[in-house]
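> Residue numbers (my numbering): 424 to 536.
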Amino acid sequence: MSVSFEGVGQVCATFLGGGLTEGQVVKMTGNGTVGSCGAGDAFCGVALCCKEDACTVQVGGFVSVSYSGTAPVVGWQTLAADGKGGVKTAESGSVTCPVVNVDTTAKAVTILL
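(1) Could you tell me the distance, in whole angstroms, from the CA atom of residue 511 to the CA atom of residue 504?
(2) DSSP puts residue 518 in a beta bridge; with which residues?
(3) Buried or exposed, going by whether 16 or more other CB atoms sit within 10 Å of the CB of residue 426?
(4) In the structure shown, what three-state DSSP assignment does residue 512 receive?
(5) What does residue 477 pair with, by DSSP beta-bridge criteria?
(6) Rounded to the nearest angstrom, how far is the Cβ of residue 467 from that of residue 488, given a contact under 8 Å?
(7) Buried or exposed: residue 509, going by 16 or more other Cβ atoms within 10 Å of its Cβ?
(8) For residue 533, which option in 500, 506 and 444 has the closest C-alpha, if you only look at C-alpha atoms?
(9) Here's the rule I'm using: 16 or more other beta-carbon atoms within 10 Å means buried, otherwise exposed. How should residue 434 be labelled?
(10) Mind the definition here: the stretch 461–477 touches the stretch 438–452 only if three or more C-beta pairs lie below 8 Å; say whether that holds.
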């Protein structure tokens, strides 16, 4: 049996920000502006739709993102941007959120923002 968290509690906002890719984690870079995260950065959401210099960012709810390195485990985890658009486990100083699903084949995790 498969459980889907897609769209549950989804909260989105439109920000300025060019050069972003749909599905990547993003950080605040200025007033109403988001940008790419470097390795180890805290992220504020996930880019869902990017057009020219604007981007719809999911800032709340369940979302799936790619991960690199060691697979996070289900439960409360500290995550940081991996610098490649996804996330990685972190020691401290980043985003603490629940991980509800880990897909090691697709290298993706579902988290609650």
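Built from N, CA and C at the ideal position, the CB exists for glycine as well.
Note that the structure is predicted; figures quoted are calculated from it, not measured.
The short version:
(1) Position 88 of the sequence shown, counted from the first residue, corresponds to residue 511. Position 81 of the sequence shown, counted from the first residue, corresponds to residue 504. Each residue's Cα considered, the two are about 6 Å apart.
(2) Walking along the sequence shown from the start, residue 518 turns up at place 95. Among the bridge pairs identified by DSSP, residue 518 is matched with 502.
(3) Within the sequence shown, numbered from 1, the residue matching residue 426 stands at position 3. Classification for residue 426: exposed.
(4) To locate residue 512, count along the sequence shown from 1; it is residue 89. Of the three classes helix, strand and coil, the one that applies to residue 512 here is strand, per DSSP.
(5) Working through the sequence shown from its first residue, we reach residue 477 at position 54. Answer is 439 and 474.
(6) Here residue 467 is taken as the residue at index 44 of the sequence shown, counted from 1. Here residue 488 is taken as the residue at index 65 of the sequence shown, counted from 1. Going by Cβ atoms, the distance from residue 467 to residue 488 rounds to 13 Å, so no, they are not a contact pair.
(7) The count along the sequence shown starts at 1 and reaches residue 509 at position 86. Buried is the call here.
(8) The count along the sequence shown starts at 1 and reaches residue 533 at position 110. Comparing Cα-Cα distances from residue 533 to each of 500, 506 and 444, the minimum goes to 500.
(9) Taking the first residue of the sequence shown as 1, we reach residue 434 at position 11. So residue 434 ends up on the exposed side.
(10) Yes, they touch.
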